[in-house]
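**Q**
In UniProt numbering, the protein residues as written are 1 to 1230.
(1) Do residue 640 and residue 811 have their C-beta atoms closer together than 8 Å?
(2) May I ask you to verify whether the segment 839 to 847 touches the segment 813 to 831, counting CB pairs closer than 8 Å and requiring at least 3?
(3) Tell me which residue opens and which closes the beta strand (DSSP E) that residue 937 is part of.
(4) Counting C-beta neighbours from all protein chains within 10 Å, is the total for residue 806 16 or more, i.e. buried, or is it exposed?
(5) Check each candidate in 970, 887, 998 and 1122 and name the one with the smallest Cα separation from residue 1018.
(6) Comparing C-alpha positions only, which one of 1216, 85, 975 and 72 sits nearest to residue 54?
(7) Please classify residue 649 as buried or exposed, where buried requires at least 16 neighbouring CB atoms within 10 angstroms.
(8) Would you check if the distance between the CB atom of residue 1243 and the CB atom of residue 80 is smaller than 8 Å?
(9) DSSP three-state call for residue 1214: helix, strand or coil?
(10) Excluding five sequence neighbours on each side, which residues of the same chain lie with their C-beta closer than 7 Å to the C-beta of residue 545?
(11) Could you tell me which of 1114, 1105, 1179 and 1187 sits nearest to residue 1202, measuring between CA atoms?
(12) Excluding the 5 residues flanking residue 484 on each side, which residues of the same chain have their C-beta closer than 8 Å to its C-beta?
(13) Which same chain residues, not among the five before or five after residue 238, have their C-beta less than 6 Å away from its C-beta?
(14) Quick one: using the 10 Å Cβ neighbour count with 16 as the cut-off for buried, is residue 21 buried or exposed?
(15) When we look at the beta-carbon of residue 37 and count the other beta-carbons within 10 Å, is it buried (16 or more) or exposed?
(16) Report yes or no: do three or more beta-carbon pairs, one from the segment 992 to 1009 and one from the segment 1024 to 1040, lie closer than 8 Å?
(17) In three-state DSSP terms, what is residue 389?
(18) Taking C-beta to C-beta, are residue 667 and residue 699 nearer than 8 Å?
(19) With respect to the alpha helix (DSSP H) encompassing residue 176, which residues constitute its N-terminal and C-terminal limits?
(20) Tell me which residues share the same chain as residue 144 and place their Cβ nearer than 6 Å to its Cβ, disregarding the 5 neighbours each side in the sequence.
(21) Just tell me which of 625, 446, 694 and 685 has its CA closest to the CA of residue 672.
(22) Cα separation between residue 795 and residue 1087?
(23) By DSSP, does residue 550 sit in helix, in strand, or in coil?
(24) Compute the beta-carbon to beta-carbon distance between residue 1209 and residue 1127, rounded to the nearest angstrom, for a pair I have assumed lies under 8 Å.
(25) Rank 108, 391 and 268 by C-alpha distance to the C-alpha of residue 248 and give the top, closest one.
(26) What's the gap between the Cα of residue 555 and the Cα of residue 193?
(27) Taking only the alpha-carbon atoms, compute the straight-line gap between residue 620 and residue 689 and give it to the nearest angstrom.
(28) Assign residue 333 to buried or exposed, taking buried as 16 or more other Cβ atoms, counted over all protein chains shown, within 10 Å of its Cβ.
(29) Going by DSSP in three states, residue 302 sits in which element: helix, strand or coil?
(30) Along the chain, which unbroken stretches of the beta strand (DSSP E) at least 3 residues long are found entirely within the segment 802 to 857?
(31) Buried or exposed, going by whether 16 or more other CB atoms sit within 10 Å of the CB of residue 636?
(32) Check for me: the beta strand (DSSP E) holding residue 874 runs from which residue to which?
(33) For residue 1214 versus residue 1129, is the C-beta distance shorter than 8 Å?
(34) Judging by CA-CA distance, which residue of 1025, 802 and 365 is the nearest neighbour of residue 344?
(35) Please identify the residue among 935, 1020 and 893 whose C-alpha is closest to the C-alpha of residue 1041.
(36) Between residue 152 and residue 168, which are expected to be in contact by the criterion C-beta below 8 Å, what is the C-beta distance as a whole number of angstroms?
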C-alpha cells in the first residue's frame, strides 16, 4: 500500500523549523534571486505557512493549502515550492471531485488547475514534476494525447527515475496507435532496467514481450527467474502451486518459439504471484502519487537570505550524579553487559549483569542496598545479554496480598498480570536462553538454562548479534541471530522453549554481510515487523517482512562512514516515516526515508561517535528524543531538537566519573521520580547515576501487557508477545507528537511542560490499534480483546431505530489457516433468522443495513430476504450453524412445544440450568480456564432431557436439540502458533456423547457444528443417538462457546408456513464508519449501537480493488458471481418490498436472510489477507484457488472490474489519526 512520506500537519515547534533552516540542504535553485535579507518575522512565518500547507495537502485540504501557498508565491515568486505545491493541490482536487460537487464546480477546479500549471511553468518549465502533473490532469479531463505527451516529457526530464517510465507505459499501452504501443514496451523495458529487482514491472514486461514475440523475453526472464523462484515456497503454501514447472515451461516454450505457450505460462505465473506481498510491495514502490512531488524545502537561496536569529532557548538544567548506594560487583569478576528490567515484577527496576562466568540479577532490599537474588552459571564465550519474556508466563505473576484500592478498581486495566523477564545470552560460544522460573508456593525464583530444548541453538557459533522479535507474527517472540560463519539465522519459537530454524524460507543477506547491529520496527508501516540491520563495514539495509515466515533483504545505497555497532529507531521529526540512528566507534548517523519509493538518506552527526552503543532516550523529558552513546572512553549525550538534529551537551556529565573500560550502558527510572537514570558498566565495576532535574518536565511511562482483563480478572490472549515488543506507540500531548517502537518493558515519553498526554495509540503487532485517552503517568495497558475479524454486521429497522441483529458470512472464511496448518473449509451460503419484532416496515419498505466494521473484506454475491408467515403460536428456527452442508442444510423448524432439560451441569459440576432455561441474554460459560483467545480447557455440558419414554412405550421418533449461543474464535495467527506446538491440540469443535449400558460415555456425533459468531441457534437431530433409555447427552468442546437457551422438541409436527422471496428495490453502498461497541454482562457477546457511530478510520486499510460507492443492486440481486466487495467502514443499505397480501388472522411474520458471500480477515497470517483479491466465486473448491480454476472471465465480469470494482482504500487517514488529533475530539477503539 502506498505510503506518502511528506511533512504532516504542523512541525511541533517553530524551533524545529528554524533548525531546518540552520541545517541547510539541497533543493531547487531560484534563478537570479536577489541577494537580500528576509525580515525575521517574515522568514519564520514563511516556514510556518509552508509546514501548514504541506500538512493540509496530506489532509487533502486542497483549497486551504492553496490559500497559504498563494501568499508565499507572492512573496517569493521565483521559488518553485509554492508554485509546485499549488499545482499539486489543484490537480489533486480535480481527481478527488465526485459527482456530488456538480459539473460547474468541476469546471472551476479544472480551470484552477490549468492556471496553476501555467504558473509552475514559469519557474519549472522543464521539470519532471510539472509534466507529470499535467499528465495526471489530462487523464482526468479525458485528453489522451496530452496525457501521453506530458508523461513522456516527464520521463525524459528525469530519465533515471524508473517510476516515470512506468507511468508513461501504463497509459501508452492502451493506445490504438501501434507506434505508441511500441513506445510503451520500450518505456517498460527502461523501467525494468532502472528497477531490475522489481517483480511487478518485470512480470508486466514479460507478458508484453511474450505477446510481441520479442526475443528479449529470454533476457528479461533470466533477470526475473531468481526473484520468482524466491516466491516459490510462499506460492506453494498459499496457492498450492509448484511455481518451478511453470517457469520451466515458459522458458522452454520461448526458446522453441512457442510464444502462445510462453505467454500462457507467464500469465499464470503473474496471476499467482501478483497477490504475493513481495510483488505488492514492488507495486507500491513503482506507482507514483501526486503527493510524491510535493516540495518540503524552499530553494537554497531562500536560506541564504535568512536573517540573524536568536539562539534556540536552552532546555531545563539536568545533571547526573552517583546514587548514594552503589552495587558491589567485586565478586563477579569481569563484566560483559548490563540491562535494566523489572525481573521479579514488583514494580521496581532490577539490574541484570552478564559477568565472565555467570548471569546475575540484583534487586534492592528494604535498606535500598543492591543484593543478588538470581544467579546462573554461564560458560565462557558469552558476552552479550538480551532481556525479554520468552515463555508467556503472565499467569505466574505474584498474587495480591492486599485488597484493591478505589483507584485500582476504577482502572479499566486493574487485575492485568505481567510476565516475568527471561534472558538470552550470546557470543563466540553461541546462544543460550534462560527461564526465570517462579515457584508459586514459595515465591522463590531460579534461572533455568533451557537451551537444550532447542537443537537449533546448539548449532550456532560465533554469534555477533541477536535480537528478539515476533518474526512469524504468531504472538510469541522469535530470535534473529547473526554469526560470522552462517550469517543471518531466523529461529521461530514453535513450542515452549523450542526454536526452529526457518531461514530457508527467506532471502537473507549474502554471507559476506554479517550484521553486528539491528532493530525491529515496522519500517514500511504495513503492520508487520521488519528488521533493519547493519554490518561492521557500515553497510545497512532491512529485512522486509513478507509475512508467512518470509523475509526479503533490501540493502540501502547509503554510506555510514565507518563501522556500525548499534542501531535504534524512532520518529525523530514530524514526518510520516521512521528514522534510524546508527552509531560506531568513529561516527554516528541518522538514516531516514525520503520518499514513497523507498529512497533513503543518511546524515552524519558532526563530531559524534556512537561508541559501543547508541540509543535514543529523552533525558530531559522535553518531548524531543536525545542520544546517549556509550564507548570504552565514556558516555556522551546529544540533545535532540525534534527535527532530526542533535547538539552535544557537555555539562550534563561533566562531574561524572566512569568505571574503567566501559562495556555497556542502559537506563531506567530507578528512583521512580519520573526521569531516566543511567547505569554504566565497566569491566570491573558498575556506576548508577541519578538524573537530577529531568522531572521538571512532564512524563509518562507505558507498559504493555498481552492480557485481556475484565472484572479484575485477566487471561492470556496469546495474540501478541506479552510486553508488545515491536508494537508501535504514538503519543499526542497538545501539539507534541511522538512515535516509538516498543523495545523494552517500559517505554518512557517526555511531555515537555505538559502534565498529561492526551492520547496514546498502541498498534499491536497483530495489526489491531488501541487508543488510550488521557493515560495515567504510569500507564499499564492491557490488550483489549477486540475481535478484529468476525464478519459483516446486520442491523434492521425495528420500528423505532436500527438495531444490531447478528453477524454474517461466518461459514465462509477466506484464506483462514486452521490449527493443523491447513485451510478452513468454506461454505458460501447461509440462512439466518431475523425475528419479526426486529424488522418492521419503514416508509413502506423493509430496510436492512449490512456493515463492515472490522479488519476484513466482505464479498456479497446475493442477498435475499424471505418472509416467513406462520401462526402466532409457532416459533420458527433455521439451522444457523457453521459446518458442512450435510449438517447445516437449510430447513425451517417449527416449534410449538419447547421442552427444557430437567438438569444441566458442566464438567466442573456447576449447575447451569438457570442460565439455559430461557432466552434472556444470561449465558452459561462452561469453561473457567482459557489457554488463549478462542481456546479453553476441555469442557462439556451435560443435559438431562428427562424421561422421554415410559416403561413399555416406544421411544420418540424425532428428537431435535436446539442450542442458542455464541463463539469467540481464535484467529489465523493463533492457529499458526498452535499448528507449530505439538503440545497443544488446539480448540476441539463440539461433539456429542451419550452413556452406554455400562454408564460409560460414548461419542455418537463427532462434529455437531456450532453457532457462528454472535448469537445464533443451531439444531441437532439426536433421534437415533441414544444407546439406552438414559436421555442424557454431553456436548464436549474446547472452543470458547457460551450458551443462552437450550431446549428440545419431541415428535414436533411441522406447522403451516407461507414463504415468499421479497423484491429487492435498491442497494446502495457508501461510507459510514463504526458503531460503538459495548460489553454486556452475563457472558453475553458485545453489543453495537447503530446510532453512536465514529467516522475516523479504525483499522489499517487493506489493499486491492473494492466496489465503488453508489447503486449496487444488480450485483447482489442474483447468484451469479457478480459481487459487492466491501471494505472496513462501508455500509450497504438494502430496501425490500413489503408483500401486498395481508397476514391471515392470528398469524405473524418472521424473516430468513439468505446470503451468498464470503469474508476475508486481514490477520497478518491469513492467506492474501492484506488485499481484496483474488475475488472468490461459487464454484471454487478452495481459497486460494488453484489453476485451472479462476474467477469467471465473461465480458460482464470483466466489465464489473472496470465499472464497479474501482475503489482503493488509502491509508493516509489511519496513519495520520493520532498526529492530527485535536483536544476535545473523542477517540474510541475499534
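Where is the CB? At the ideal position from N, CA and C, for every residue including glycine.
**A** For this structure:
(1) no
(2) no
(3) In the DSSP assignment, residue 937 falls within the unbroken beta strand (DSSP E) covering 935 to 944.
(4) buried
(5) 887
(6) Minimum Cα distance to residue 54 is reached at 85.
(7) buried
(8) This structure does not reach residue 1243, given that the chain is present from 1 up to 1230, and the question cannot be answered.
(9) Helix at residue 1214.
(10) So the qualifying residues of the chain are 528, 529, 530 and 551.
(11) 1105
(12) 462, 464 and 514
(13) 1167 and 1184
(14) Bear in mind that the predicted position of residue 21 carries a pLDDT of just 36, short of 50, making it too unreliable to give a figure here.
(15) exposed
(16) They touch, by the three-pair rule.
(17) coil
(18) no
(19) Residue 176 -> no alpha helix (DSSP H), and no H or E assigned at all.
(20) Correct list: empty, nothing qualifies.
(21) The residue with the shortest Cα to Cα distance from residue 672 is 694.
(22) 11 Å
(23) strand
(24) 5 Å
(25) When each option's Cα is compared against that of residue 248, the closest is 268.
(26) Taking the Cα positions, residue 555 is about 18 Å away from residue 193.
(27) 14 Å
(28) exposed
(29) helix
(30) 802 to 807, 829 to 834 and 845 to 851
(31) buried
(32) Run containing residue 874: none; DSSP gives neither H nor E here.
(33) no
(34) 365
(35) 935
(36) Indeed, because the Cβ distance is near 5 Å, the residues count as touching under 8 Å.
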